[in-house]
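Q: In the numbering used here, the protein residues as written are 72 to 211. Built from N, CA and C at the ideal position, the CB exists for glycine as well. Take this structure first; my questions come after.
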Ligand code: GDP
Ligand code: MG
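Structure representation (structure tokens):
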């Protein structure tokens, strides 16, 4: 295993319900370290760029509107095997399929409003981190 960094978003359904700290406690209990964090309001253009891979999907418009509906918290998480580990801590995309004790099982409202984003590969993690953080904002 290697020390990795992954990109995380605490989504609008969670920030709206004052769950930033609750989500962070799942992250830290799993042994991941929050090495960068800021609360921001996404623009429509930023949300469309971030989720460009899904632009042909029927839920794309709804996803973009949701992501700009409230502030979000963007983070860089560091730890052994961080990319796969955080996907595990989040649970399945649809909370109905998420394992017990995961963020999405415990907090998500629906398949769309599912509280958390985590990068799906080390390559995408680097791309996503660079979209939101300058190197000197990440302090490991
Ligand atoms: P993730 O990697 O687990 O976040 O899932 P995906 O990359 O497949 O989808 C990205 C995001 O799009 C999800 O986290 C959801 O917020 C949203 N999403 C995925 N599938 C659906 C869907 O069927 N309906 C809606 N409304 N949103 C969806
Ligand atoms: Mg994904």
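Taking three-plus beta-carbon pairs below 8 Å as touching, is the region 162 to 176 in contact with the region 191 to 207?
A: No, the region 162 to 176 is not in contact with the region 191 to 207.
Q: Under the rule that 16 or more other beta-carbon atoms within 10 Å means buried, what is residue 166, buried or exposed?
A: Residue 166 should be labelled buried.
Q: From which residue to which residue does the beta strand (DSSP E) around residue 118 run?
A: No beta strand (DSSP E) holds residue 118; the alpha helix (DSSP H) holding it covers 115 to 121.
Q: Whose C-alpha, out of 80, 127 and 106, is nearest the C-alpha of residue 113?
A: Closest by alpha carbon: 80.
Q: Which whole-angstrom value describes the C-beta separation of residue 144 and residue 108, a residue pair presumed to lie in contact below a C-beta threshold of 8 Å?
A: Contact flag correct, Cβ pair sits at about 6 Å.
Q: Mark residue 77 as exposed unless 16 or more other C-beta atoms lie within 10 angstroms of its C-beta, in which case mark it buried.
A: By the 10 Å Cβ count, residue 77 comes out buried.
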